[in-house]
Amino acid sequence: MSQKTNLTQARTAGRPRSFDMADAVNRAVLVFRERGYQAASIDVISRGTGLTVGSLYKAFRDKKDIFAAAFARYLEERQTTVTARLAGVETGRARIATLLDLYLEAASGAEGRRGCLVVASLAEASGLDATQRAALAEAIGANETRLCDLLREGQSDGSVRLDLDVPAAADVLLALLQGIRVLGKLREPRDRIGFIAMALKTLD
């Protein structure tokens with residue numbers, strides 16, 4: 001999704017801006033990752049982006065509009081990162097291991113403490129509106145599809161057993177991936193290599 005597409009909901013007609021919209025959205029991503037949607041008031045977003053409340057309302061209709069742009073940006077950046085990391089990895093099993101390692105890396109240090117915007121949104125899904133829940137469901141569905149595809153690749157190349165229940169295994173891996181990001185809010189993963197080895201046993 002392009003930057004232009006991400007920002008189609010921004011109100012632009014007749015309102016010249018004196019700030020970088022892309023930077024504002026990136027800063028909003030950090031606010032929502034750290035605070036979640038409900039706790040991120042307009043005042044909190046204003047402080048996090050360095051923009052006045054008036055400037056925010058000139059660029060966006062409301063907080064929902066800011067969140068929509070931030071959520072789309074976050075997904076776009078994560079997809080770019082995942083695609084780059086998996087490129088050139090030969091087998092389905094190895095690609096799953098690489099994906100697990102990527103999530104463990106993201107759950108480490110300051111990045112881990114900021115948390116995952118998808119996980120943060122899942123935690124408060126009951127408080128989101130229908131449009132927000134649909135965007136969240138689409139993001140989770142894309143992750144499920146990716147995992148199923150990787151598992152089937154593994155079955156085709158012989159790195160994953162043929163009688164594996166792919167949807168069930170994908171659910172297990174998805175829960176592990178999301179759980180990694182939850183744990184990262186509290187502490188560093190203890191043993192990345194051991195964690196990956198244990199997770200891959202579900203494919204044996």
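Residue numbering for the sequence shown follows the UniProt record's numbering, beginning at 1 and increasing consecutively. Built from N, CA and C at the ideal position, the CB exists for glycine as well.
Can you tell me the Cα-Cα spacing of residue i and residue j, whole angstroms?
i    : j    : result
D43  : F32  : 13 Å
G109 : S159 : 32 Å
R161 : R152 : 10 Å
T145 : G36  : 25 Å
G184 : S55  : 34 Å
V182 : L173 : 14 Å
L30  : C148 : 30 Å
F71  : Q155 : 33 Å
T12  : V25  : Residue confidence for T12 is low, a pLDDT of 44 falling below 50, so the modelled location carries little weight; the figure read from the coordinates is stated next. When rounded, the distance between both Cα atoms is 15 Å.
Determine, using beta carbons only, whether residue i comes closer than 8 Å to chain D.
i   : result
L56 : In the structure shown, chain D does not exist; there is a single protein chain.
Could you pull out every residue in the same chain whose Cβ sits closer than 6 Å to the Cβ of residue i, ignoring the five residues on either side in sequence?
i    : result
A106 : none
L150 : G92, R95 and I96
Q178 : V119
I'd like the list of long-range same chain contacts for residue i, defined as Cβ closer than 7 Å, with 5 residues on each side in sequence excluded.
i    : result
A97  : I196 and L200
L104 : I180, P189, R192 and F195
E124 : G36, Y37 and Q38
Any idea what DSSP makes of residue i, helix, strand or coil?
i    : result
A107 : coil
L136 : helix
F60  : coil
K201 : helix
C116 : coil
S46  : helix
E124 : coil
Ignore the nearest five residues each way along the sequence and tell me which others in residue i's own chain have a CB closer than 8 Å to its CB.
i   : result
A68 : Q9, T131, Q132 and A135
I'd like to know whether the C-beta atoms of residue i and residue j end up nearer to each other than 8 Å.
i   : j   : result
I45 : K63 : yes
Exercise. Touching or not, the region 116–128 and the region 51–60, by the rule of three or more beta carbon pairs under 8 Å?
Worked result: The region 116–128, when compared against the region 51–60, does not touch it at the 8 Å Cβ threshold.
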